[in-house]
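> Residue numbers (our numbering): 291 to 347.
All residues carry an ideal CB built from backbone N, CA and C; glycine is no exception.
Quick one: the structure is below, questions incoming.
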Amino acid sequence: MESANESARAAVGALLQTAGSPAAPPALYKLHEPPELEPLRRINADRYRAGQPHMLA
Numbered sequence: 291m292e293s294a295n296e297s298a299r300a301a302v303g304a305l306l307q308t309a310g311s312p313a314a315p316p317a318l319y320k321l322h323e324p325p326e327l328e329p330l331r332r333i334n335a336d337r338y339r340a341g342q343p344h345m346l347a
């Protein structure tokens, strides 16, 4: 759910900027990405670039 919230904050910020609103954009936070999962992220990125499906698909 946190990634959905973060996406919504980014979208609202873009809308406010496009509309020229003086309102402050929502705060954006860096999501925690466990370093133990880095090898899996790398495999996923390689498969995506090669046009292959996600390994769980």
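1. Need the endpoints of the alpha helix (DSSP H) that Ala314 sits in, please.
2. Identify, in the order they occur along the chain, each residue of the same chain with its Cβ nearer than 7 Å to the Cβ of Arg339, setting aside the five sequence neighbours on each side.
3. Going by Cα to Cα distance, which pick from Ala314, Lys320 and Asn295 is closest to Gly303?
4. Please name the residue, chosen from His344, Gly310 and Glu296, that lies closest to Ile333 on a Cα-to-Cα basis.
5. Return the CA-CA distance between Leu327 and Pro316, expressed in angstroms with no decimal places.
Looking at the atomic coordinates:
1. Numbered from 1 along the sequence shown, position 24 holds the residue referred to as residue 314. Under the DSSP assignment, Ala314 falls outside any alpha helix (DSSP H); it carries neither an H nor an E label.
2. Indexing the sequence shown from 1 puts residue 339 at position 49. Nothing listed; no residue qualifies.
3. Counting from 1 along the sequence shown, the entry for residue 303 is found at position 13. Taking only the C-alpha atoms, the option nearest Gly303 is Ala314.
4. Walking along the sequence shown from the start, residue 333 turns up at place 43. Of the candidates His344, Gly310 and Glu296, the one whose C-alpha sits nearest the C-alpha of Ile333 is His344.
5. For this step, residue 327 is matched to residue 37 along the sequence shown. For this step, residue 316 is matched to residue 26 along the sequence shown. Their backbone Cα atoms lie some 28 Å apart in a straight line.
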